[in-house]
Ligand code: C2E
Ligand code: MG
Ligand code: MG
């Protein structure tokens, strides 16, 4: 309770020894296994917009977990732990199932909102996920271009040939590939060149100081040049202020996501949000 209070949140994962590593793993793993079965995971959607036209180009799917005894748990408190065991498979498949259901619901209502899914590196060390995904979209006749797979830089930094082969197959099948948190890891230019990446998302670290640190602005500018020459779309992550929006526009960045635009929301709120946001003129 004291730790939760200090962190200004409503919950803290139980941890007998106070150590934050292995002992945390036991209760989370136990509760998560149960939680997936009891359908305690749910999705929120954060819009990705065009800074110039205010059009929404899609939304990122962000998983949340509602434990009846504890309340809302954010992914940073359970995804890294799930990634250390096969539980990440259960989390990933549950998330994709819910995403596909949402795409189908919107389709039935005549709405098309492309969605981006976060895929953990571990899910790409064998072909199971790719095969399953390709089957899934065929079964439901879903356009694969309405699904972007966001993978972190660390996935690409690995020299594992199989990962490249899997990404190539997903690209061939029509999925869009995006590099998440770009700039925070160690992606080499060769690894970017080797895979058909359609989008990079500039890590929020660079955006948060873009108005005060000229080095960060220079780094963002160089990422934009790199992306343009490789024909990739660039999304700035973590845009919180109008000032950051303005600077990004001046630098020529077209797309963004962040609390200053919208926080993640329920699917039922997204369609209205898109209409209202497009209609509002720039403040
Ligand atoms: P991410 O993919 O980089 O997602 C962006 C995170 O930044 C989200 O946190 C989002 O709420 C937050 N964010 C967005 N705009 C702003 C902003 O303006 N300021 C600040 N300070 N933060 C902002 P969230 O939802 O807590 O997700 C954290 C991470 O958890 C994600 O980072 C992603 O790596 C992982 N994650 C989320 N959902 C899934 C999932 O379904 N599967 C997997 N494997 N990982 C997931
Ligand atoms: Mg992401
Ligand atoms: Mg990110």
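In my numbering, the protein residues as written are 1 to 283.
All C-beta atoms, glycine included, are put in the ideal place defined by N, C-alpha and C.
As the structure is a prediction and not an experimental result, all values here were calculated from the model.
Reference residue i, options the options, closest by Cα
i, options, result
"residue 191", "33, 56, 7 and 156", "156"
"residue 129", "143, 94, 61 and 274", "94"
"residue 121", "86, 104 and 139", "86"
"residue 108", "61, 221 and 140", "140"
"residue 58", "49, 66 and 65", "49"
"residue 184", "134, 173, 153 and 158", "153"
"residue 39", "182, 77, 218 and 68", "68"
"residue 119", "257, 88, 265 and 220", "88"
"residue 218", "247, 196 and 9", "247"
"residue 306", "103, 278, 169 and 8", "This structure cannot settle anything about residue 306, because the visible part of the chain is limited to 1 through 283."
"residue 172", "196, 181 and 70", "196"
Cα-Cα separation, residue i to residue j
i, j, result
"residue 5", "residue 27", "20 Å"
"residue 126", "residue 261", "37 Å"
"residue 193", "residue 270", "35 Å"
"residue 98", "residue 43", "8 Å"
"residue 250", "residue 241", "15 Å"
"residue 243", "residue 207", "11 Å"
"residue 253", "residue 151", "21 Å"
"residue 24", "residue 276", "Because residue 24 carries a pLDDT of 43, less than 50, the predicted location of this residue cannot be relied on, and the following value inherits that uncertainty. For residue 24 and residue 276, the distance between alpha carbons rounds to 42 Å."
"residue 105", "residue 56", "18 Å"
"residue 72", "residue 81", "16 Å"
"residue 167", "residue 138", "18 Å"
"residue 205", "residue 175", "27 Å"
"residue 3", "residue 222", "41 Å"
"residue 77", "residue 29", "11 Å"
"residue 9", "residue 66", "14 Å"
"residue 279", "residue 1", "44 Å"
Proximity test, residue i beta-carbon vs ligand 4 heavy atom, cut-off 7 Å
i, result
"residue 180", "No copy of ligand 4 appears in this structure; the ligands present are ligand 1, ligand 2 and ligand 3."
Whole-angstrom C-beta distance between residue j and residue i, which should lie under 8 Å
i, j, result
"residue 47", "residue 245", "Not quite, the Cβ-Cβ distance comes to about 14 Å (not below 8 Å), so this is no contact."
"residue 224", "residue 178", "Between residue 178 and residue 224 the Cβ distance is about 16 Å, and since that is not below 8 Å, they are no contact."
"residue 61", "residue 75", "About 11 Å separates the two Cβ atoms, so there is no contact after all."
"residue 91", "residue 79", "7 Å"
"residue 45", "residue 256", "Wrong, their Cβ atoms sit about 16 Å apart, outside the cutoff."
Contact with chain D by residue i, beta-carbon distance below 8 Å
i, result
"residue 138", "In the structure shown, chain D cannot be found, because there is only a single protein chain."
>> Whether or not the stretch 224 to 232 and the stretch 204 to 211 are in contact is what I'm after, with contact meaning three or more pairs of Cβ atoms, one per stretch, closer than 8 Å; do they touch?
In response: no
> Counting pairs of Cβ atoms below 8 Å between the stretch 232 to 242 and the stretch 30 to 41, do you hit three or more?
Replying inline: no
> Are the stretch 143 to 152 and the stretch 113 to 121 touching, with three or more C-beta to C-beta distances below 8 Å?
Replying inline: yes
> Can you list, in chain order, the stretches of the alpha helix (DSSP H) that have 4 or more residues and sit fully within the stretch 250 to 280?
Replying inline: 267 to 279
> Do the stretch 163 to 170 and the stretch 198 to 208 meet, that is, are 3 or more Cβ pairs less than 8 Å apart?
Replying inline: no
> At what residue ranges does the stretch 124 to 196 contain a whole run of the beta strand (DSSP E), taking only runs of 3 or more?
Replying inline: 147 to 152 and 176 to 182
> What residue ranges within the stretch 195 to 246 form continuous beta strand (DSSP E) runs of no fewer than 3 residues, ordered along the chain?
Replying inline: 199 to 202 and 233 to 236
>> Threshold first: 4 residues or longer. Then list the alpha helix (DSSP H) segments lying entirely within the stretch 73 to 127, N to C.
In response: 79 to 82 and 87 to 108
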